[in-house]
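S.K.: Sharing a structure, written as structure tokens. Questions coming.
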DNA sequence: TTGAAAGCGCTACCAC
DNA sequence: GTGGTAGCGCTTTCAA
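Structural data, given as structure tokens:
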């Protein structure tokens with residue numbers, strides 16, 4: 417493998433000039449830059465990452481702490497990972513995985529070994545064990561998710577509270593008097609993932625504000641169970657029923673269940689779905705969606721860590737960043753109350 | 417951050433001794449080893465990865481080429497990734513992601529920069545563009561999936577052909593005279609993922625051997641469509657119907673559809689499912705499963721690349737490694753033909 | 001069983 | 001605008 421020394425010799429310049437051509441950290445005359453670039457191309461030169469990291473004290477690698485195969489929707493975790501990796505490359509960073517089963521010490525290790533310049537922590541829970549650890553680490557990190565105590569930490573997440581409120585407001589506008597909230601599955605609710613809590617808070621607050629009744633239906637995993645849950649909830653409903661289904665796994669089931677019960681969406685019932693918009697697309701859901709650009713959280717997380725790394729002075733930004741949900745109306749012939 | 421020099425000074429030994437304590441590459445007296453270890457602990461020493469890589473010419477990192485967010489089941493891809501990362505750690509390797517959207521050059525880059533010592537390539541397709549590239553790379557790699565031309569390459573995959581055959585044989589044993597194969601979704605079939613082809617081959621061969629009729633039903637995404645497809649297939653069926661549903665996404669739908677059609681599994685119909693066993697568990701599928709230990713392929717892939725890296729002389733093993741499917745009978749009261 | 005010292009291939013400082 | 005050179009923190013000969 418050729419080294420920068422070889423390039424220097426071939427181009428007839430010094431090794432430092434080669435280095436500066438690569439980094440752009442000092443002006444180089446057009447002529448010599450061409451010569452150096454030609455030499456690099458001719459030799460198919462690639463700088464040695466280890467040597468570079470050693471000399472510059474930066475590895476150009478970001479550690480990504482991935483969640484331990486939970487009962488959460490793994491497809492969306494995958495989506496995060498690939499977007500994060502692709503986005504990081506745009507800024508010339510690579511992604512190194514840190515699995516949760518190495519425990520929080522895994523983070524100390526990759527930082528201690530100076531394998532990574534910074535960290536992105538996925539799926540942060542309310543009382544996440546990794547949080548106290550990263551507070552003491554000498555590298556910047558960005559959390560995806562909002563832990564209970566987040567003072568001084570850079571966190572980013574979708575704004576679930578706002579999403580919940582928007583769902584309610586949309587349905588209130590359509591004239592509904594009560595909404596059925598088809599909840600996440602128990603296993604998710606039981607975990608300390610506090611976005612569930614935040615979503616509920618948004619729903620409840622908004623419902624109180626507009627005087628709407630909220631009926632909670634548990635999340636189910638089979639059509640039969642879903643039909644039963646929906647039927648039961650319908651008994652408590654006045655007027656045209658409305659549903660809010662935040663969890664991706666529930667949405668198919670809900671649509672099928674309503675279909676089986678003979679309810680036509682947009683006529684006999686309204687449904688608002690809160691989720692990743694991409695997932696809604698894929699399912700060809702004909703429902704109104706209040707959701708999030710799925711890539712946005714990932715991309716913003718990468719941009720923030722890159723900013724921290726490239727411009728350390730700008731460090732403490734706003735600690736919390738909440739991504740606004742987006743409303744997409746799909747078919748609905750139910751008229752807004754004020755137009756009736 | 418403390419360096420091995422600091423450790424050496426504190427322990428009163430030379431830097432090389434510290435290095436040898438870490439690597440175990442030469443005998444160290446019990447006494448000095450203790451002293452060195454104590455010093456390392458006291459300073460919370462962690463070796464600098466860049467320096468180590470530079471000096472030893474090995475990064476202890478494996479590149480993992482992940483598929484470009486396809487319409488394939490992303491949950492199972494995620495499962496692969498996390499198992500691979502965890503398994504790699506057991507052998508003291510880390511995992512660096514290489515996304516597909518950097519193209520095959522991404523592989524050349526991470527190898528050229530000597531960021532990685534070897535590669536694992538996921539979801540290899542029949543005529544994968546990455547294959548010609550890795551052939552010319554000076555590091556070992558292991559492919560998950562079997563490309564059309566795989567001479568001299570280390571490939572590993574689940575044995576889909578055998579799985580297909582086993583499905584048919586199981587159903588033939590139960591006395592069925594025809595089987596309905598609920599296929600993968602079109603988008604998957606159309607890609608060059610040749611495990612679909614291999615599975616079909618296994619089914620067809622075995623069916624021909626035991627004189628069973630195979631009815632192909634397309635994979636569907638909604639209950640209604642599934643019911644229709646099943647109904648249509650049932651018209652061509654003699655005797656008690658039997659189903660083979662290889663794709664995870666289809667299995668829920670199939671079970672629901674049969675339920676809606678009033679068929680009781682294990683009495684009026686037999687179903688054999690070929691898939692990741694873990695997914696079957698999670699779905700609490702009451703079906704007989706012919707599938708694969710989900711982690712096994714991932715673990716074997718890591719073991720092979722680690723072996724290549726640590727013992728390069730043993731390089732060309734058997735090029736192809738096919739993981740045997742496992743049969744797990746779940747409820748079925750249908751009696752085997754020979755016991756009737 | 002241990003130590004001294006020469007690199008590994010870059011970066012960045014100091015000089016011109 | 002360019003070159004010389006001293007490290008960065010390890011590994012690994014060569015000597016003892």
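Residue numbers (my numbering), protein chains in the order written: chain A, 417 to 756; chain B, 417 to 756. Heads up, the beta-carbon is just placed ideally off N, CA and C, and yes, glycines get one too.
Hey, would you say residue 436 (chain A) sits closer than 8 angstroms to residue 722 (chain A), going by beta carbons?
M.R.: Mapped onto the first chain, residue 436 (chain A) falls at position 20. Mapped onto the first chain, residue 722 (chain A) falls at position 306. It is not a contact, given that the beta carbons lie outside the stated cut-off.
S.K.: For residue 665 (chain A), does the count of other Cβ atoms within 10 angstroms reach 16, so buried, or fall short, so exposed?
M.R.: On the first chain, position 249 is the one that residue 665 (chain A) refers to. Buried, by the Cβ-count rule.
S.K.: Can you list, in chain order, the stretches of the alpha helix (DSSP H) that have 4 or more residues and sit fully within the segment 667 to 731 of chain B?
M.R.: The segment 667 to 731 of chain B contains these whole alpha helix (DSSP H) runs: 693 to 698, 710 to 726.
S.K.: Assuming residue 739 (chain B) is part of the beta strand (DSSP E), what are its boundary residues?
M.R.: Taking the first residue of the second chain as 1, we reach residue 739 (chain B) at position 323. 736 to 739 is the span of the beta strand (DSSP E), which, as asked, contains residue 739 (chain B).
S.K.: Between A:547, A:461, A:497, A:513, which lies nearest to residue 563 (chain A) when the distance is taken from Cα to Cα?
M.R.: Within the first chain, the letter at position 147 stands for residue 563 (chain A). It is A:547.
S.K.: Measuring straight from C-alpha to C-alpha, what distance separates residue 558 (chain A) and residue 529 (chain A)?
M.R.: What you label residue 558 (chain A) is simply residue 142 of the first chain in a count that begins at 1. What you label residue 529 (chain A) is simply residue 113 of the first chain in a count that begins at 1. Using only the alpha carbons, I get a separation of about 19 angstroms.
S.K.: State buried or exposed for residue 668 (chain A), treating a residue as buried only when at least 16 other CB atoms are found within 10 Å of its CB.
M.R.: Taking the first residue of the first chain as position 1, residue 668 (chain A) is located at position 252. With 16 or more other Cβ atoms within 10 Å, it is buried.
S.K.: What three-state label does DSSP hand residue 517 (chain A) in the structure shown?
M.R.: For the purposes of this step, residue 517 (chain A) is identified with residue 101 of the first chain, where counting begins at 1. Of the three classes helix, strand and coil, the one that applies to residue 517 (chain A) here is helix, per DSSP.
S.K.: Touch check for the segment 645 to 659 of chain A and the segment 586 to 595 of chain A: three-plus C-beta pairs under 8 angstroms?
M.R.: Yes, the segment 645 to 659 of chain A is in contact with the segment 586 to 595 of chain A.
S.K.: Are the beta-carbon atoms of residue 642 (chain A) and residue 673 (chain A) separated by less than 8 angstroms?
M.R.: Locating residue 642 (chain A) in the first chain gives position 226, counting from the first residue. Locating residue 673 (chain A) in the first chain gives position 257, counting from the first residue. A contact, by the Cβ cut-off of 8 angstroms.
S.K.: When burial is assigned at 16 or more other CB atoms within 10 Å of the CB, is residue 603 (chain A) buried or exposed?
M.R.: One-based indexing of the first chain puts residue 603 (chain A) at position 187. Burial call: exposed.
S.K.: What did DSSP end up calling residue 570 (chain A) once you bin it into helix, strand or coil?
M.R.: Counting from one through the first chain, the residue named residue 570 (chain A) turns up at place 154. Residue 570 (chain A) falls in the strand class under three-state DSSP.
S.K.: Could you list the residues in the segment 505 to 530 of chain B with a C-beta less than 9 angstroms from some C-beta on chain A, going in chain order?
M.R.: Correct list: 505, 510, 511, 512, 513, 514, 515, 516, 517, 518, 522, 524, 525, 526, 527, 528, 529, 530.
S.K.: Taking residue 462 (chain A) as the query, report the chain B residues whose CB atoms sit under 9 angstroms from its CB, ordered along the chain.
M.R.: What you label residue 462 (chain A) is simply residue 46 of the first chain in a count that begins at 1. Ordered by position in chain B, the residues that pass the 9 angstroms Cβ test against residue 462 (chain A) are 524, 525, 527, 528, 529, 530.
S.K.: Which residues in chain A sit within 7 angstroms of residue 466 (chain B), going by Cβ to Cβ distance?
M.R.: Taking the first residue of the second chain as position 1, residue 466 (chain B) is located at position 50. Result: 466, 469, 470, 475, 530.
S.K.: Let me confirm a value: residue 556 (chain A) is counted as buried when at least 16 other C-beta atoms fall within 10 Å, else exposed. Which label applies?
M.R.: Residue numbering aside, residue 556 (chain A) sits at position 140 when the first chain is read from its first letter. Buried.
S.K.: Among A:519, A:711, A:442, A:618, which residue has its Cα nearest to the Cα of residue 628 (chain A)?
M.R.: Here residue 628 (chain A) corresponds to residue number 212 of the first chain, with the count starting at 1. Nearest C-alpha to residue 628 (chain A): A:618.
S.K.: With DSSP as the reference, please indicate the residues paired to residue 629 (chain B) in a beta bridge.
M.R.: Counted from its first residue, the second chain places residue 629 (chain B) at position 213. Residue 629 (chain B) pairs with B:594.
S.K.: Would DSSP call residue 659 (chain A) helix, strand or coil?
M.R.: Position 243 of the first chain holds residue 659 (chain A). Looking at residue 659 (chain A) - three-state DSSP - the assignment turns out to be strand.
S.K.: By Cβ distance below 8 angstroms, which residues in the same chain neighbour residue 504 (chain B) in space, the five residues on each side in sequence not counted?
M.R.: Locating residue 504 (chain B) in the second chain gives position 88, where the first residue counts as 1. If we look at residue 504 (chain B) and ignore the five residues flanking it on each side, its Cβ neighbours are 478, 510, 511, 718, 722.
S.K.: Which class does residue 512 (chain A) belong to by DSSP, given the choice of helix, strand or coil?
M.R.: Indexing the first chain from 1 puts residue 512 (chain A) at position 96. Of the three classes helix, strand and coil, the one that applies to residue 512 (chain A) here is strand, per DSSP.
S.K.: In whole angstroms, what separates the C-alpha of residue 425 (chain B) from that of residue 462 (chain B)?
M.R.: By 1-based counting over the second chain, the position of residue 425 (chain B) is 9. By 1-based counting over the second chain, the position of residue 462 (chain B) is 46. If I take the Cα positions, the gap works out to 15 angstroms.
S.K.: Can you tell me which of the three DSSP states residue 460 (chain A) falls into?
M.R.: To locate residue 460 (chain A), count along the first chain from 1; it is residue 44. In the structure shown, residue 460 (chain A) sits in coil (DSSP, three-state: anything other than H, G, I, E or B).
S.K.: Could you confirm whether any beta carbon from chain A is found closer than 8 angstroms to the beta carbon of residue 438 (chain B)?
M.R.: By 1-based counting over the second chain, the position of residue 438 (chain B) is 22. Output row for residue 438 (chain B): interface = no.
S.K.: Of all Cβ atoms in chain A, is any one closer than 8 angstroms to the Cβ of residue 495 (chain B)?
M.R.: Working through the second chain from its first residue, we reach residue 495 (chain B) at position 79. Answer yes: the Cβ-Cβ gap between residue 495 (chain B) and chain A drops below 8 angstroms somewhere.
S.K.: Pull out every residue of the segment 614 to 640 of chain A whose Cβ sits closer than 9 angstroms to any Cβ of chain B, in chain order.
M.R.: Result list: 637, 638, 639, 640.
S.K.: Look at residue 569 (chain A) and residue 527 (chain A) and say whether their C-beta atoms are less than 8 angstroms apart.
M.R.: For the purposes of this step, residue 569 (chain A) is identified with residue 153 of the first chain, where counting begins at 1. For the purposes of this step, residue 527 (chain A) is identified with residue 111 of the first chain, where counting begins at 1. Taking 8 angstroms as the Cβ cut-off, residue 569 (chain A) and residue 527 (chain A) do not qualify as a contacting pair.
S.K.: May I have the straight-line CA-CA distance separating residue 741 (chain A) from residue 710 (chain A), to the nearest angstrom?
M.R.: Mapped onto the first chain, residue 741 (chain A) falls at position 325. Mapped onto the first chain, residue 710 (chain A) falls at position 294. If you take the alpha carbons of residue 741 (chain A) and residue 710 (chain A), they lie about 10 angstroms apart.
S.K.: Skipping 5 residues on each side, what residues in its chain have a beta carbon closer than 8 angstroms to that of residue 700 (chain A)?
M.R.: On the first chain, residue 700 (chain A) is found 284 positions in, with the first residue counted as 1. Bear in mind that a pLDDT of 48 at residue 700 (chain A), under 50, signals an unreliable position, so the number given afterwards is only what the model happens to contain. Same-chain partners within the cutoff: there are none.
S.K.: Straight-line CA distance for residue 684 (chain A) to residue 611 (chain B)?
M.R.: Counting from one through the first chain, the residue named residue 684 (chain A) turns up at place 268. Counting from one through the second chain, the residue named residue 611 (chain B) turns up at place 195. Roughly 44 angstroms between the two C-alpha positions.
S.K.: What does the alpha-carbon distance come out to for the pair residue 577 (chain B) and residue 447 (chain B)?
M.R.: In the second chain, counting from the first residue as 1, residue 577 (chain B) sits at position 161. In the second chain, counting from the first residue as 1, residue 447 (chain B) sits at position 31. Approximately 58 angstroms, taken between the alpha carbons.
S.K.: How about residue 534 (chain B) and residue 724 (chain B): are their beta carbons less than 8 angstroms apart?
M.R.: To locate residue 534 (chain B), count along the second chain from 1; it is residue 118. To locate residue 724 (chain B), count along the second chain from 1; it is residue 308. Against a cut-off of 8 angstroms, the Cβ pair of residue 724 (chain B) and residue 534 (chain B) comes out as a contact.
S.K.: What residues match up with residue 565 (chain B) in a beta bridge as DSSP calls it?
M.R.: On the second chain, residue 565 (chain B) is found 149 positions in, with the first residue counted as 1. Beta-bridge pairing links residue 565 (chain B) to no other residue.
S.K.: Can you tell me whether residue 493 (chain A) is helix, strand or coil according to DSSP?
M.R.: The residue labelled residue 493 (chain A) in the question sits at position 77 within the first chain. DSSP places residue 493 (chain A) in helix when its eight states are reduced to three.
S.K.: Thinking C-alpha only, which one of A:421, A:490, A:483, A:686 is nearest residue 456 (chain A)?
M.R.: Counted from its first residue, the first chain places residue 456 (chain A) at position 40. It is A:421.
S.K.: What's the call for residue 445 (chain B), buried or exposed, on a 16-neighbour Cβ count within 10 Å?
M.R.: For the purposes of this step, residue 445 (chain B) is identified with residue 29 of the second chain, where counting begins at 1. Exposed.
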